[in-house]
Amino acid sequence: MSQPAAPQKTFASGRYSKRKRTQVNYRMEELDVDETDVESEEEIVKAKKQRRIAATRPLPKRKIFPFLRLPAEIRNMIYSYALVDPSGVKFVAVQRNKRRCVERVSNKTFSQVAGSRTYYQSNRINDDADEQATELSPSLLAVNKQIHREACDILYSNELIFADPIALYAFMINLGRDGSASRIKTMRLKGWGHGRTSKAYNNSCFAVLRDAKNLEKFYIDCTVGWYRQPKNAAQQIYRDAHPWLEDVGRVKGKFDAALDVLEVSAESLGRNYWNASQNQSDAQRRKAFNDELRRNLELQQKRVMVSMSGKKRKVSKVSGTT
């Protein structure tokens, strides 16, 4: 008689039937690595290290371009390409870190703000500019003393163009006292201060301009005050620019020497105004301007000479009594 079969273990009983499963080994087996492969990898690593070390070494002399061995004419050409803007270097006044300074701008931006800039624009002068100024490389002068000596005058041969007296004043006071101002050759002023806050800079900018001892030309390309006649324009310029005008005369030994440096545009002499004298040519207006400016300079020279002679007489009387 057959024995009854044992009952199968069910899920409800909490016991599972043992099933055969493929045994999985999670231990990394040793790979068969060819010793030649290891050596080749080590060689690659060594080669990379050697290349990195070689890259940090200074260039051999045969690979350094002998710039200073070039003829002086070619070096000057390179300096001109790197340091000169043919259209002039244009500046506007801005504020940086609560300090007045200048910022170089492009021709397009300068034409939009010269003579009519507001404080709001001065802080955002390049935010909306569509183009950048021609790039110059003044850091070239820091390479060595010989390059600085050869290229410094080329850099300062640029025509420096200022939007208004505030920009000119900010440029001069930040130029330093190392004699750099004496290298400047040409300047151009494109605006004049008319409001209460800017009129004072008309005089201040010419007071600091005295440091430019070797200035060859100073152009005024704007209306000077609200005057329509050359005589009135000359009086206004003398009133504002007399520190510089008289200093040029003292340096050059000629009281009206500044007239050889100063060039005033026809716009400043009232040519574009309907009530100006239409019977006068540009040459006649310029002559009237120069004559009036020369007269003011001559009167000041006579005052100084009279004052000096009076002091001499007092000294002689005092010495005679003693």
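The numbering of the sequence shown is the working numbering, which starts it at 10 and goes up by one.
All C-beta atoms, glycine included, are put in the ideal place defined by N, C-alpha and C.
It should be emphasised that the depicted structure is a prediction, and the values quoted were computed from it without experimental measurement.
Can you grab the Cα-Cα spacing for the pair residue i / residue j, in whole Å?
i: arginine 78; j: alanine 250; result: 47 Å
i: tyrosine 129; j: asparagine 211; result: With a pLDDT of only 36 at tyrosine 129, under 50, the local geometry of the prediction cannot be trusted, and the value read off the model is given with reservation. Tyrosine 129 and asparagine 211: Cα-Cα distance of roughly 21 Å.
i: glutamate 112; j: leucine 218; result: 19 Å
i: asparagine 288; j: asparagine 305; result: 25 Å
i: arginine 295; j: valine 315; result: 30 Å
i: glutamine 309; j: serine 277; result: 24 Å
i: leucine 268; j: arginine 312; result: 20 Å
i: methionine 86; j: glutamine 293; result: 42 Å
i: glutamine 104; j: isoleucine 73; result: 42 Å
i: alanine 216; j: arginine 248; result: 12 Å
i: leucine 271; j: proline 69; result: 54 Å
i: alanine 138; j: glutamate 144; result: Annotation note: pLDDT 48 at alanine 138 (below 50); position unreliable, coordinate value reported separately. So the alpha carbons of these two residues sit roughly 15 Å apart.
i: arginine 303; j: phenylalanine 264; result: 8 Å
i: arginine 186; j: glycine 279; result: 38 Å
Please classify residue i as buried or exposed, where buried requires at least 16 other C-beta atoms within 10 Å of its C-beta.
i: tryptophan 235; result: exposed
i: threonine 232; result: buried
i: proline 239; result: buried
i: methionine 181; result: buried
i: glutamate 255; result: buried
i: valine 42; result: For valine 42, the predicted model reports a pLDDT of 47, less than 50, meaning its position is unreliable and no value from the coordinates is stated.
i: tyrosine 88; result: buried
i: glutamate 301; result: buried
i: threonine 118; result: buried
i: glycine 262; result: exposed
i: glycine 319; result: exposed
i: threonine 19; result: Here threonine 19 scores only 49 on pLDDT, less than 50, and its place in the model should not be relied on; the value that follows carries that caveat. Classification for threonine 19: exposed.
i: alanine 151; result: exposed
i: alanine 102; result: buried
i: methionine 317; result: exposed
i: glycine 258; result: buried
i: valine 47; result: Only weak support exists for where valine 47 lies, its pLDDT of 48 falling under 50; the value from the coordinates is given anyway. Classification of valine 47: exposed, given that the 10 Å Cβ count is below 16.
My guess is that residue i and residue j are in contact by the Cβ rule of under 8 Å, so how many angstroms apart are they, rounded?
i: leucine 169; j: isoleucine 193; result: 6 Å
i: leucine 184; j: alanine 91; result: That belief does not hold up - the Cβ atoms of leucine 184 and alanine 91 are roughly 21 Å apart, past 8 Å.
i: glycine 97; j: asparagine 167; result: 7 Å
i: phenylalanine 298; j: alanine 221; result: About 22 Å separates the two Cβ atoms, so there is no contact after all.
i: alanine 81; j: valine 114; result: Their Cβ separation, rounded to whole angstroms, is 33 Å, which puts alanine 81 and valine 114 out of contact at 8 Å.
So which of the options has the shortest CA-CA distance to residue i?
i: lysine 208; options: Gln245, Glu272, Leu149 and Lys222; result: Gln245
i: arginine 108; options: Ser115, Ala179 and Phe76; result: Ala179
i: asparagine 116; options: Glu307, Ser189, Lys99 and Arg84; result: Lys99
i: phenylalanine 76; options: Cys110, Glu159, Gln104 and Arg66; result: Glu159
i: phenylalanine 171; options: Cys161, Ala123 and Val273; result: Ala123
i: aspartate 162; options: Gln141, Val93 and Glu144; result: Val93
i: alanine 266; options: Asn223, Asp291 and Gly279; result: Asn223
i: serine 189; options: Arg303, Cys214, Ser213 and His157; result: His157
i: valine 260; options: Ser191, Pro67, Pro80 and Ser120; result: Ser191
i: cysteine 214; options: Val273, Gln155 and Pro252; result: Pro252
i: arginine 84; options: Val273, Ser120, Gln155 and Gln121; result: Gln155
State whether the region 226 to 234 contacts the region 192 to 212, with contact taken as three or more CB pairs (one from each stretch) at a distance under 8 Å. Segment contact: the region 226 to 234 against the region 192 to 212, three or more CB-CB distances shorter than 8 Å; contact assigned.
Hey, is the region 172 to 184 in contact with the region 202 to 219, meaning 3+ C-beta pairs nearer than 8 Å? Segments in contact, yes.
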